[in-house]
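Presented below is the structure to which this report refers.
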Amino acid sequence: MLITRYTQATAVLEDSGVVPPPVPQDAEPGTLAWLRARVSRFASGPVHAERRRAVVELLASFDPAELRVRARALAGVPADEVAARSFGVDQVAAVSAAASGYLSGETSPEADAAVRELLPLGIPMITVLLQAHASTAALIANARAHDDGVTPIEDLLHETLRHDPPLKRTRRVGVEIDLVAANRDPDVFPDPDRFDPSRGRTPHLTFGHGVRPCPAAAHALAIAAGYLEGNRS
Numbered sequence: 001m002l003i004t005r006y007t008q009a010t011a012v013l014e015d016s017g018v019v020p021p022p023v024p025q026d027a028e029p030g031t032l033a034w035l036r037a038r039v040s041r042f043a044s045g046p047v048h049a050e051r052r053r054a055v056v057e058l059l060a061s062f063d064p065a066e067l068r069v070r071a072r073a074l075a076g077v078p079a080d081e082v083a084a085r086s087f088g089v090d091q092v093a094a095v096s097a098a099a100s101g102y103l104s105g106e107t108s109p110e111a112d113a114a115v116r117e118l119l120p121l122g123i124p125m126i127t128v129l130l131q132a133h134a135s136t137a138a139l140i141a142n143a144r145a146h147d148d149g150v151t152p153i154e155d156l157l158h159e160t161l162r163h164d165p166p167l168k169r170t171r172r173v174g175v176e177i178d179l180v181a182a183n184r185d186p187d188v189f190p191d192p193d194r195f196d197p198s199r200g201r202t203p204h205l206t207f208g209h210g211v212r213p214c215p216a217a218a219h220a221l222a223i224a225a226g227y228l229e230g231n232r233s
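Be aware that the sequence shown starts at 1, since it is given in the UniProt record's numbering, and climbs by one per residue.
Below you can see the structure in the form of structure tokens.
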């Protein structure tokens, strides 16, 4: 079932009984498929809670304000490298290769080799890196497409997250949520198709909602803001 309305989407995301599609549990150790069976994103119930707790504890060791400063200094590097480098990780090629099939489950020898290279970082750190890789780069690209050089960057980013979310859809068993449509539901967002940074913070669903919100929302915003600031100067 495809969900496009905001209230339906929030109801699904608030229901702890609606879980992500399961992933195979018997993959060869050290491969991308093996990793996907061990991260919080594709887990449910107590297993998800424990894995999420480990990610949250890791993120607590990174100050978003410091990440913003680091990202500002990375203005000259490609946007798809900024998240990893802001977290102090230099294996950007491995992050990119492993992230290529992280959400879809499409594996390759290159992705498997990348996972093995990243394993010394620990699964919580790999979780953060792979989930941040494409989404942060897409957020930056989408924001730059609307950047007039004078709009406050926080306002620019919040409206970009609503209007042009980097992740277009999210899936649960039997359900697919169209985040673009839900974030433009006219019952919640007046004149929803107009890009309007003056809206400020809005209750968009781009960072999730309910029982599985993104644990790194503040970190992602800080990295994107710092990078955009650096490229404006």
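Glycine included, each C-beta is placed from N, C-alpha and C at the ideal position.
Kindly indicate which three-state DSSP category residue i falls into: helix, strand or coil?
i, result
"T160", "helix"
"V175", "strand"
"T151", "coil"
"L32", "helix"
"P194", "Checking the sequence shown, residue 194 turns out to be Arg, not Pro. Three-state DSSP puts R194 in coil, outside helix and strand."
"L70", "The sequence shown places Arg at residue 70, rather than the Leu named in the question. The answer is helix: DSSP assigns R70 an H, G or I state."
"R201", "coil"
On the DSSP letters alone, give me the boundaries of the alpha helix (DSSP H) that residue i sits inside.
i, result
"E117", "P109 to L118"
"A222", "A217 to R232"
"T127", "I123 to H146"
"E81", "A79 to S86"
"A9", "Y6 to L13"
"V92", "V92 to A99"
With a threshold of 7 Å on Cβ separation, who are the neighbours of residue i within its own chain once the five nearest residues in sequence on each side are excluded?
i, result
"A111", "L32, A97, A98, S100 and G101"
"H219", "L59, F62, P64 and L67"
"T4", "D178, A181 and A182"
"L2", "E176 and D178"
"Y6", "A182, D185, D187 and V188"
Since I believe residue j is in contact with residue i (beta carbons under 8 Å), could you give me their beta-carbon distance rounded to a whole number of angstroms?
i, j, result
"D155", "P197", "4 Å"
"V56", "P215", "5 Å"
"A224", "T136", "6 Å"
"H133", "D80", "7 Å"
"V175", "S16", "Rounded, the Cβ-Cβ distance is 14 Å, inconsistent with contact."
"V47", "R172", "That belief does not hold up - the Cβ atoms of V47 and R172 are roughly 16 Å apart, past 8 Å."
"L119", "G208", "The Cβ separation is near 27 Å, so there is no contact."
"V39", "I123", "6 Å"
"D9", "A182", "Sequence inspection shows Ala at residue 9; the Asp mentioned does not correspond to that position. Confirmed, about 4 Å."
"G149", "R232", "6 Å"
"V82", "L129", "About 12 Å; that fails the 8 Å criterion."
"A37", "P24", "6 Å"
Could you pull out every residue in the same chain whose Cβ sits closer than 6 Å to the Cβ of residue i, ignoring the five residues on either side in sequence?
i, result
"G230", "R72 and A75"
"L161", "H204 and T206"
"R85", "L74"
"N142", "T160 and D164"
"R51", "S40 and A43"
"A94", "A114, E117 and L118"
"T127", "V39 and V55"
"R201", "H158"
"A217", "F207"
"T151", "P197"
Do we get a CB-CB distance below 8 Å when we pair residue i with the residues of chain B?
i, result
"A49", "Here there is only one protein chain, and chain B is not present."
I'd like the list of long-range same chain contacts for residue i, defined as Cβ closer than 8 Å, with 5 residues on each side in sequence excluded.
i, result
"W34", "A27, E28 and V115"
"V69", "G226"
"residue 252", "Outside the shown range of the chain, which is 1 to 233, sits residue 252, and nothing can be said about it."
Run through the stretch 34-68 for me and flag every whole alpha helix (DSSP H) of 4 or more residues, listed as ranges in chain order. Counting whole runs of 4 or more residues, the stretch 34-68 contains the alpha helix (DSSP H) stretches 45-59.
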